[in-house]
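Notes follow once the structure below has been shown.
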Amino acid sequence: MREITYRQALTEALTEEMERDPNVFLMGEEVAEYNGAYKVSQGLLDKFGPKRVIDTPISEAGFAGMGVGAAMVGLRPVIEFMTFSFSLVAFDQVVNNAPNMLTMSGGQLHVPMTFRGPNGPAHALGATHSHATESLFANFPGLKICTPATPRDAKGLLKTAIRDNNPVLVLECEMHYNLKGPVEDEDVELLIPLGSAEIKREGSDVTIICYALTVPMALKAAEELSAEGINAEVLDLRSIRPLDLDTILASVAKTHRVVIAEQDRPVCGIGSEITYQIQHHAFDELDSPIIRVTQEDVPMPYSEILEKAVLPNSEKIISAVKRVCNI
Amino acid sequence: MREITYRQALTEALTEEMERDPNVFLMGEEVAEYNGAYKVSQGLLDKFGPKRVIDTPISEAGFAGMGVGAAMVGLRPVIEFMTFSFSLVAFDQVVNNAPNMLTMSGGQLHVPMTFRGPNGPAHALGATHSHATESLFANFPGLKICTPATPRDAKGLLKTAIRDNNPVLVLECEMHYNLKGPVEDEDVELLIPLGSAEIKREGSDVTIICYALTVPMALKAAEELSAEGINAEVLDLRSIRPLDLDTILASVAKTHRVVIAEQDRPVCGIGSEITYQIQHHAFDELDSPIIRVTQEDVPMPYSEILEKAVLPNSEKIISAVKRVCNI
Amino acid sequence: MGKEAKNTDIDILFQMLLIRRFEERASQQYQQQKIGGFCHLYIGQEAVAVGTINVLRPDDYIITAYRDHGHALARGTSADSCMAELFGKASGCSKGLGGSMHFFDVERHMYGGHAIVAGHVPLAAGMAFASKYRDEDRVTVCYLGDGAINQGSFHESLNMAGLFELPVIYIVENNQFAMGTHVKRSIPMDKIVDRAKGYGMKSAVIDGMDVRNLMKDFAPIVEDVRKTKQPWFIEAETYRYRGHSMSDPATYRTREELEKHKEQDPITKLQDDLITEKLLTQEKFDELDKKARQIAVDSVRFAESSEEPPLDELYNYTYYGETVK
Amino acid sequence: MGKEAKNTDIDILFQMLLIRRFEERASQQYQQQKIGGFCHLYIGQEAVAVGTINVLRPDDYIITAYRDHGHALARGTSADSCMAELFGKASGCSKGLGGSMHFFDVERHMYGGHAIVAGHVPLAAGMAFASKYRDEDRVTVCYLGDGAINQGSFHESLNMAGLFELPVIYIVENNQFAMGTHVKRSIPMDKIVDRAKGYGMKSAVIDGMDVRNLMKDFAPIVEDVRKTKQPWFIEAETYRYRGHSMSDPATYRTREELEKHKEQDPITKLQDDLITEKLLTQEKFDELDKKARQIAVDSVRFAESSEEPPLDELYNYTYYGETVK
Ligand SMILES: Cc1ncc(C[n+]2csc(CCOP(=O)(O)OP(=O)(O)O)c2C)c(N)n1
Ligand SMILES: Cc1ncc(C[n+]2csc(CCOP(=O)(O)OP(=O)(O)O)c2C)c(N)n1
Ligand SMILES: [Mg+2]
Ligand SMILES: [Mg+2]
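Protein chains in written order, with my numbering: chain A, 1 to 327; chain B, 1001 to 1327; chain C, 2001 to 2325; chain D, 3001 to 3325.
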């Protein structure tokens, strides 16, 4: 298979869906003339014109809400947040308007739209610019959330998100934009269903549950652990909502030990939810307590060495695995 | 002890702290001339005047941020959200500015302020007006969060919050404003520390962890269960951040069975975090999986019977208890 | 003027009467606890919804805040389905899931009923964006309160409506109060309409109590928007007779102030004008009023006898076309 | 004029030179990857921070966005601690925890350095509220960009600043671009200053390139705010020479446009004026420039040789006076 970057994969997904459906448009800050702050919309203005690729002022609540309104009357907006740290100023539009319209209108209105953009900590951006927002949005029924880690998943999930009839958040991994990986040729229609996890590495001794930023870390940890005779299974959630509980439980039934490697903050994070689900559905399968590897529970500092100390990494995952394996 | 309402308890707390410290002021919508949408600030304008009790336009992000700014230069603002459902339009100010200032300034600035107001589902207010926001805010280090259920806790926690040198959210229970309960006389300085849970009912067979709206439900459930010979301990968290893990673990060590009754939505909610903590620290103490009783995972409908079906109640708690006790 | 304008003055009068009588019933039913949650009455402001909506084409989009009964009824949503919605019944205009603050009638291009102050203002911009995107000559009208102009989402939306030249009309129903806060206490300027200057937006103040004047002034604005695709900002001067919601005693204003405004009652005004102009007799008026009252009474009976939403449908409105759990 | 205004024109010139040379070094160090994260240079806009801050009293509050190096240096924060902050060192003005976007120097009443566009605009209102609350005659100055005026928090803050009569001055540093978006593409009006009309706020446009003109125009405004406690909205016309941040090639503008603006360079302008007025010689200028360059060079050495923040301090900045875990 050809290899392309995570960024190119996203651009392809947008291009293909905009070609397929004239109701799909892209709106956000610097998406058009600047070709995207992170260049995900590179070339889209030239290809589709200013009617379908729209630069906005710095008004996240406003254009997020415009997306919801346009979706209410039948368009399929793709709203880019320059980063999801900036979705916090549009929070009410994303969590109160988008997911509630179907209920409030008694089923008369639905909101087929996509919110996308880089999410999660990057490098030395400090406390306000490093948010991993997945657990905040996961609390809201009516939203769907995916967190692709690889170019293939990025393309397949974004395409599916755009076709979904509900508000979907595609939380892209800022640190993976330049990451290359195998993706089907452009003539292949690549659609990856929301709510389906993927075993990125088969294993039998322990399950490392991860997503987005932590997937490469988990795979690296698994490699190093195999050298020490520990055979770790790496489970990439890919979607946060809906959650692929079947795949999770099947893996736990096989390994009986779980480490959750997550890019977000610990309290009420993704790992806490998965822990509840596992102990609830597979209590007797667990041979030892689940350990989560998360950000340290502090606001993100600028200093690179402090930031490194805050973030999860493969060493932290390895030591967690050893603890759940009682080594 | 005298009995006063939850509302009166809050009014007393505000009055006492404003009398004690001239740097404390109250700002929000309808807090002054209208005496509060829920009458918590009844009489405060008359007592303290328009300089210290300030009505604002409908600009939550603006006046929440003004509170942060005033706190940065040494005042002790108390910011009222008419309800915390409206804090969602001020989300960035509450989660990005208030808790990060200490880190970003390298310790030069701290933010001694209180955000308060009714939180959680009330009656037939529909999808946008029924939010239980605790798990959203709990994800942010730098914030402290308490959720009083009784008049006594309401007074003692609000007073402590106002004196704390960090941003504290006092998530009041809208449904409990008229609830009466025993509170020390006014001449007694009632301060309840943040981060201390309280056993509201001693028991030995199962621990029902609850807070705010679910405390009376849990106590009711415990009473009915005792008739059936099940002796339930009722643990009121009172604070969400910091979390009183010691009290939780001590109770679990005694009962070995846990039901979490929470007013919020399930996914990445308070129960998920507590479940992680318990299984992590007391894995071998648990005789059966933890069960959480939460809102149904749907946007809140208006219809009273549907709303009732969505909300937790004592019947749901009782059946959960029986399940964890394998009855 | 759009098609609906064929409506005679009598129709206009009747629509206002219907809203008035419907809400009087609703308020009575609320006091009898047949209706829950928050309930905001439109009484006194009827001319704004009725006048503007009768100028619009039926396919123009409208969207408003939580004080939405009048807008739905003026658009033609039946009193039965409106009252049933207040009762939370399956036969309600939002199937009993929305309630008083969330009336929706998409078939009639009424897009709610929104309870977060100004939260719907960006939605209106998006709806107008969509009709422009599809090269329709549709106009979107967004109603909001005087208190809503101080929300950030209002600001961001008006700036973009102007920048993108969206065919949207923002109508501030200035009833002088946001809950207990008089508009003088919510903005530093004298007139709400001046806010438009910050966006270089076309604006106008219209009389919200004299429905025929209102329609006369509003019609050319609608046509301008349809033609130029440029937004307008309108302040409609009106007054609410009742408290902010059913639970508000409205002690922040004097009886005298209230009575003074009632002298410009939009219904009485049109009634008197039409009688003087010999277009209406008192008998005919009484007949219309009787009919309106009857429809309101019947709507209560309809609501009472309607079914509750089925419990198992609870899981059908979280994801479109999907049932959860 | 406040105390600081005793500063001679030579001081003003030197402050601008220091910012210029400091940032040239910073940019070089960034390219050598000694500096991480986002780094936004102020080069070209020096006259705005230097001019306004030298009119203010040292105890007046200032707060700005992420393009904050110039404001800190103009307030007297040492180049050493600024460069150390960029390097993320413990000796930095924010102990290495803030970085380029979060310079703080509370001792000098510089309250940051804020990275969420317009997120600091309400903070400024709150700071001004506090000084009024304490009956101080302090003025708060809030710097923001032309792109920031389209955020909701800006709107809500300006409305309340006017309503509550807060002693705050909002200075929009109109450098004509928000990242790649020219101001013409972000607002529907011609002039940013017109936004003030929507709040009935006193406003002015000031020359952001001629520092002496700027100070002359700004001084009476500060005194008006100090006296009347009423807010002002100011548009300072300026231009940024570099890209939005270090990673921006700025292909959205032509070389010619850039060169045209460089002809009004604030440093050269003051230099030339002072030389013509015989208040400065070329020798004296070269000497000042040499000194500025030396301070910048030394600051790099200082930053390099400074300690990293101690790992165990990681848990000391989450809750004031408390250590977590
Ligand atoms: C963001 C937000 N803040 C506060 C409220 C509570 N609230 C509901 S209506 C209202 C007053 C609105 O007044 P106005 O905009 O003038 O509309 P009117 O009620 O007069 O029709 C307030 C404060 C809300 N629903 N949303
Ligand atoms: C709420 C928010 N949205 C987007 C961004 C990303 N961003 C950072 S600076 C910037 C442009 C701001 O331009 P302007 O306000 O003119 O200030 P300047 O950079 O010109 O000084 C943008 C879009 C942000 N930091 N915060
Ligand atoms: Mg009003
Ligand atoms: Mg700019």
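The beta-carbon is built from N, C-alpha and C at its ideal position, and this holds for glycine as well.
Here the structure is a predicted model, which is why all the values come from computation and not from measurement.
- Taking the C-beta atoms as reference points, D2146/C is found no nearer than 9 Å to A2047/C.
- Between K3095/D and G1107/B, the C-beta gap is smaller than 9 Å, which places the two residues in contact.
- Contact annotation for T275/A against chain D: no contact, minimum CB-CB distance about 19 Å [criterion: below 7 Å].
- One Cα belongs to V293/A, the other to E17/A, and the distance between them is close to 36 Å.
- Between R257/A and D297/A, the C-beta gap is not smaller than 9 Å, which leaves the two residues out of contact.
- In the structure shown, L45/A falls within a helical segment according to DSSP collapsed to helix, strand and coil.
- Residues of the same chain with a CB within less than 7 Å of the CB of G2092/C, apart from the 5 flanking positions on each side, are S2081, A2084, E2085 in chain order.
- Counted as a single uninterrupted DSSP element, the alpha helix (DSSP H) harbouring R20/A occupies residues 6-20.
- DSSP lists no beta-bridge partner residue for C3093/D.
- When Cβ pairs closer than 8 Å are counted between the two stretches, the stretch 2167-2183 of chain C is seen to touch the stretch 1020-1038 of chain B, the count reaching three or more.
- Look at the stretch 3125-3150 of chain D: the residues with a C-beta under 7 Å from a C-beta of chain B are A3125, G3126, M3127, F3129, A3130, Y3133.
- For V1234/B, same chain residues with a beta-carbon under 6 Å away, outside a window of 5 residues either side, are K1200, R1201, I1208, A1218, L1219, A1222 in chain order.
- By the rule of a C-beta closer than 6 Å to any heavy atom of ligand 3, the residues picked out are G2145/C, D2146/C, G2147/C, N2175/C, F2177/C, A2178/C.
- Neighbours of L3314/D across chain A, judged by C-beta separation under 8 Å: E296, V298, P301, L306, A309, V310.
- Nearest in C-alpha terms to L2017/C, of all of F2302/C, Q2294/C, K2325/C, is Q2294/C.
- Counting C-beta atoms within 10 angstroms of its own C-beta, L1171/B has 16 or more neighbours from the protein chains shown and is therefore classed as buried.
- Residue pairing of G3044/D in beta bridges, as defined by DSSP: absent, with no partner found.
- In this structure, I3043/D lies away from D1092/B, with their beta-carbon atoms at least 9 Å apart.
- Under a 10 Å Cβ-count criterion, K1051/B is classified as exposed, with fewer than 16 other Cβ atoms of the shown protein chains found around its own Cβ.
- When secondary structure is reduced to three states using DSSP, I2063/C falls in the strand class.
- Taking 7 Å as the upper bound on Cβ-Cβ separation, chain D lies near residues H123, A124, L125, G126 of the stretch 109-127 of chain A.
- In terms of beta-carbon proximity, F91/A stays away from the interface with chain C, with every pair separated by 9 Å or more.
- Around the beta carbon of E1273/B, 16 or more other beta carbons lie within 10 angstroms, which makes this residue buried.
- Cβ-Cβ distances below 7 Å link A3125/D to S3157, M3160, A3161, L3166, V3168 in the same chain, with the five nearest sequence neighbours on each side left out; the list follows chain order.
- In this structure, the C-beta of E3235/D stays at least 8 Å away from each heavy atom of ligand 4.
- Not a single C-beta of chain B is nearer than 9 Å to the C-beta of G49/A.
- Using a Cβ-Cβ distance cut-off of 8 Å, the stretch 2034-2041 of chain C and the stretch 2099-2112 of chain C are in contact, since at least three pairs of beta carbons, one from each stretch, lie closer than that value.
- For K180/A, the enclosing beta strand (DSSP E) begins and ends at 180-183.
- Contact between M101/A and L109/A holds: CB atoms are separated by about 5 Å, below the 8 Å threshold.
- Within the model, the alpha-carbon separation for R265/A versus A3090/D is close to 25 Å.
- Judged by the Cβ position, A221/A fails to qualify as a neighbour of ligand 1 at the 8 Å threshold, every heavy atom of the ligand being at least this far.
- At least one beta carbon of chain D lies nearer than 9 Å to the beta carbon of E29/A.
- By the neighbour-count definition (other C-beta atoms within 10 Å, threshold 16), Q279/A is a buried residue.
- V1188/B is classed as exposed because its beta carbon has fewer than 16 other beta carbons within 10 Å across all chains shown.
- L1088/B belongs to the set of residues whose beta carbon lies under 9 Å from a beta carbon in chain C.
- In this structure, R1002/B places its C-beta atom within 9 Å of the C-beta atom of P1182/B.
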